[in-house]
């Protein structure tokens, strides 16, 4: 499993950020759509496994299969471009502006949401026999998740809103480590192992991922969850997306960039370093 040293894969991060900003509208939307759809399927798979086995841990161990598939196929999640695109601006790549970064984020958001919503409609249809029956155990679990992670936060007001924000930060700290993990190796097995670990951690800890939630909450609403679209947006999606942005960029993107790409000058030796007796 060939391994790239940090300064090598951080260079790949900056290059990737630049390429995403210059990508065509069509390609950005298609890749984001497929990423949202695949991650949504992974989420329903993990919830199904957890309900069937009675073990959230087993579902969490298996959830990263979707993340690995979408990144190996070169598709894009909002949580990933939150981290990569600004690095190209920091590196002063020619023509990279904040207008271009915001355009990329907006297109990826739309594509992810469309893909996740497509799978949400399909799975709600499946769980209810074409909206003719009550959802089964998995559908009921999805509905309960939607209520608990909107109205459950709203109950605590501002403290609940900032709790979602912090959980969003923690989520994309781990998810962006998965994005970087795909760059640390030059073969498939190495990439998968490096991606698997942080994604499993985020899912088991029930941190808030903006794209996963684009599937979970619309599905819950379609299957009778007792909360509204505005509840979903205000008490989950908006603070989650903001937390994902801050957490991924602060804890992963900027830290790796600053210490492995823009390395500080080495400390100069002093007399005390060369002669311990003078210390």
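Numbering (this note's numbering), first residue to last: 21 to 299.
No residue lacks a Cβ here, since even glycine has one placed at the ideal position from N, Cα and C.
Notebook entry, point to check: Straight-line CA distance for residue 301 to residue 52?
Noted result: Any answer about residue 301 is impossible in this case: the structure gives the chain only from 21 up to 299.
Margin query: Going by DSSP in three states, residue 23 sits in which element: helix, strand or coil?
Written below: One-based indexing of the chain shown puts residue 23 at position 3. Residue 23: strand per DSSP, three-state reduction.
Next item on the list: Please check the pair residue 98 and residue 49, which I expect to be a contact at CB under 8 angstroms, by giving their CB distance rounded to whole angstroms.
Entry: Working through the chain shown from its first residue, we reach residue 98 at position 78. Working through the chain shown from its first residue, we reach residue 49 at position 29. With a beta-carbon spacing of about 13 angstroms, residue 98 and residue 49 fall beyond the 8 angstroms limit used to define contacts.
Note to self: I'd like the span of the alpha helix (DSSP H) that includes residue 48, first residue to last.
What the structure shows: On the chain shown, position 28 is the one that residue 48 refers to. 45-73 is the extent of the alpha helix (DSSP H) around residue 48.
Next item on the list: Could you check the C-alpha separation between residue 145 and residue 259 for me, to the nearest Å?
Entry: Translated into positions along the chain shown, residue 145 becomes position 125. Translated into positions along the chain shown, residue 259 becomes position 239. Spanning the two alpha carbons is a distance of roughly 29 angstroms.
Checklist line | Expected contact under 8 angstroms - CB spacing of residue 148 and residue 159 to nearest Å | finding: Here residue 148 is taken as the residue at index 128 of the chain shown, counted from 1. Here residue 159 is taken as the residue at index 139 of the chain shown, counted from 1. Residue 148 to residue 159, Cβ: 7 angstroms. Contact.
Next item on the list: With a cut-off of 8 angstroms on the beta carbons, I'd call residue 219 and residue 198 a contact; round off their distance for me.
Entry: Along the chain shown, one-based indexing puts residue 219 at 199. Along the chain shown, one-based indexing puts residue 198 at 178. The pair is a contact, with the Cβ atoms about 5 angstroms apart (cut-off 8 angstroms).
Check: Would residue 200 be called buried (16 or more neighbouring beta carbons within 10 Å of its own) or exposed?
Finding: Position 180 of the chain shown holds residue 200. So residue 200 counts as buried.
Item checked: Cα-Cα separation between residue 116 and residue 106, rounded to whole angstroms -> The count along the chain shown starts at 1 and reaches residue 116 at position 96. The count along the chain shown starts at 1 and reaches residue 106 at position 86. Going by the C-alpha atoms only, they are around 9 angstroms apart.
Check: What is the DSSP secondary structure of residue 163, reduced to helix, strand or coil?
Finding: One-based indexing of the chain shown puts residue 163 at position 143. Residue state, collapsed to three classes: helix.
Checklist line | Classification of residue 80 by the beta-carbon crowding that lies within 10 angstroms, buried from 16 upward | finding: Here the question's residue 80 lines up with position 60 in the chain shown. Under this definition residue 80 is a buried residue.
Check: When DSSP builds the beta bridges, which residues end up paired with residue 205?
Finding: Numbered from its first residue, the chain shown carries residue 205 at position 185. According to DSSP, residue 205 shares a beta bridge with 23.
Next item on the list: Tell me where the alpha helix (DSSP H) around residue 107 begins and ends.
Entry: Taking the first residue of the chain shown as position 1, residue 107 is located at position 87. Segment 98-110, the alpha helix (DSSP H) holding residue 107.
Check: Is there contact here, the region 162-176 with the region 238-253, by at least three beta-carbon pairs under 8 angstroms?
Finding: yes
Check: Exposed or buried, which one is residue 257 when buried takes at least 16 other CB atoms within 10 Å?
Finding: On the chain shown, residue 257 is found 237 positions in, with the first residue counted as 1. Buried is the call here.
Item checked: N-terminal and C-terminal residue of the alpha helix (DSSP H) that residue 149 is part of -> Position 129 of the chain shown holds residue 149. The continuous stretches of alpha helix (DSSP H) do not include residue 149, and DSSP gives it neither H nor E.
Checklist line | Contact check, residue 120 vs residue 41, beta carbons under 7 angstroms | finding: For the purposes of this step, residue 120 is taken as the residue at position 100 of the chain shown. For the purposes of this step, residue 41 is taken as the residue at position 21 of the chain shown. Contact: yes.
Note to self: Quick check on the burial criterion: 16 or more other C-beta atoms within 10 angstroms. Buried or exposed for residue 217?
What the structure shows: Within the chain shown, numbered from 1, the residue matching residue 217 stands at position 197. Label assigned to residue 217: exposed.
Margin query: Check for me: the alpha helix (DSSP H) holding residue 241 runs from which residue to which?
Written below: What you label residue 241 is simply residue 221 of the chain shown in a count that begins at 1. Per DSSP, residue 241 belongs to the alpha helix (DSSP H) from 230-242.
Note to self: Let me check understanding here. Comparing Cα to Cα, which of 223, 196, 249 and 207 lies closest to residue 274?
What the structure shows: The count along the chain shown starts at 1 and reaches residue 274 at position 254. Comparing Cα positions, the closest option is 196.
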